[in-house]
Each structure stands twice: as structure tokens, then as C-alpha cells.
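Notes to accompany the following structure.
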Amino acid sequence: MASNTSQVSPLPAVTRHITGHNENGRAVIHSSTPAEWVSLGESQMAFNVVYTNQFAPDLSNDTDIKTHETLTQSDKLGLVNPGGTVCRIVDFAPNNPAVVHRTQSLDYGVVLEGQVEMILEDSEPVIMNRGDVAVQRATMHGWRNTSETEWARILFVLQDCKKLTVAGKEMKEDLGIAAGVLKPSGNSQE
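With full-length UniProt numbering, the residue at position 12 of the sequence shown is 12, and numbering never jumps.
Okay, here's the thing in C-alpha cells:
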């Protein structure tokens, strides 16, 4: 993956605003920063990690912010944050190849821009439009932008989950064709 401070897609820029408290306990803006994008698959897809943290976040003394910064600067973050959450925005190029994968996590995916096809193993693909939400429960899935010309954007919140067993089989993380390109999350280890 190639890191890029500028946006890969032509979609509107993203700014992260983090709130906090001043010395009097009043709500203030802690920081406002432009998104930092990571490109995948020759700019077929771009990731922006908005925020990460552990269960339950410690907000005192900005511990959560320090935890997020330490993790994102460590270059160890996979798709899932073991023992925590990841909020990520993903931009998909027109007619991108779907990367079918499974994470050991419970995810919420909200389409922000465009139309995206959700692909599952044994179900018909589902077309999701702006505002539609997918609740992804550790299933093999992929995302494909259906447009031939316009980019699409999804906001994801991934949260680590307990190991899932279905019909006696443990459903571990499977990065599919992205194995070796994406870092393993490390939450489905023996």
C-alpha cells in the first residue's frame, strides 16, 4: 500500500474534527485535520483511518488520542483493531475489482457517495445506495462500485468480536486476494 497525504479520488475532501475539554471542563475542538489516504490496488481503492481505540476508551488526559496516534504510527494496524474499534472511510474507483474477504469483527458500513454492490458467498449481490447500511457479521464479502465513471465512498466502523464458530468451524480472518497486501489484524490467532 502506498501512503498518500492527498486524496486519491475526486470525491469531497474529508476533515476529522476531534472534540475535547478545556481547563474549565467546557467542550472545545481538540484538533481538525485533513484525511490521510492510503492507496490500494493501483488507486482502485483508497483508505482513510479516521480513528481507532480500545474497548472501553479512556478519554481522561487525551489517552484515547494518544492510543490512536501510537497505533496508526506503528504501522501494525490491520483491517480490525484487536480489542477495539476502527472508523475508516474507503473510496472505490469506478467498476473496481471486488476484494472478497472476511474480518473477525462486527462492522457497520454506510454508503456516503455513489452506489455499491455488496457481494456475499451464497446470496445474490445487494445494491446499496447513499444512506444504506450493511451490518457485516464476520462474513466473506466484497464491495464493488457499480458506476463506470463515478467514485463511491463507504464509511465503516469495525469492532473486534469474540471468535465466531459456525457448524463447528471457526470463521477466522481471510484477506483473500489482498493477503500479503493488507496487514493481518491479528485478532484470529490461535
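Yeah, the Cβ is synthetic: ideal placement off N, Cα and C, and Gly gets one too.
Pick helix, strand or coil for threonine 72, following the three-state DSSP scheme.
Here residue 72 corresponds to residue number 72 of the sequence shown, with the count starting at 1. Threonine 72 falls in the helix class under three-state DSSP.
Quick check: the stretch 143-159 against the stretch 83-91, are there 3 or more CB pairs under 8 Å?
yes
Over what stretch of residues does the beta strand (DSSP E) that includes glutamine 44 continue unbroken?
The count along the sequence shown starts at 1 and reaches residue 44 at position 44. Counting along the chain, glutamine 44 falls outside any beta strand (DSSP E), and DSSP gives it neither H nor E.
Please determine if the stretch 60-70 and the stretch 99-106 are in contact, where contact requires at least 3 C-beta pairs separated by less than 8 Å.
no
Between the CA atoms of asparagine 24 and alanine 93 - distance to the nearest angstrom
For the purposes of this step, residue 93 is taken as residue 93 along the sequence shown, with counting starting at 1. For the purposes of this step, residue 24 is taken as residue 24 along the sequence shown, with counting starting at 1. Answer to the nearest angstrom: the Cα atoms are 46 Å apart.
Keeping to the same chain, check which residues put their C-beta closer than 7 Å to that of asparagine 48; ignore five residues upstream and five downstream.
Mapped onto the sequence shown, residue 48 falls at position 48. Here the set comprises Val14, Ala35, Glu36, Trp37, Arg88 and Ile89.
Taking the straight line between their C-alpha atoms, what separation do you get for glycine 186 and alanine 179?
Stepping through the sequence shown from its first residue, residue 186 is reached at position 186. Stepping through the sequence shown from its first residue, residue 179 is reached at position 179. When rounded, the distance between both Cα atoms is 13 Å.
With H, G and I counted as helix, E and B as strand and the rest as coil, what does DSSP make of threonine 67?
Translated into the one-based positions of the sequence shown, residue 67 becomes position 67. Reduced to three states, the DSSP call for threonine 67 is helix.
Cysteine 161: first and last residue of the uninterrupted beta strand (DSSP E) it sits in:
As a working mapping, residue 161 is identified with position 161 in the sequence shown. Element bounds for cysteine 161: n/a, residue is neither H nor E.
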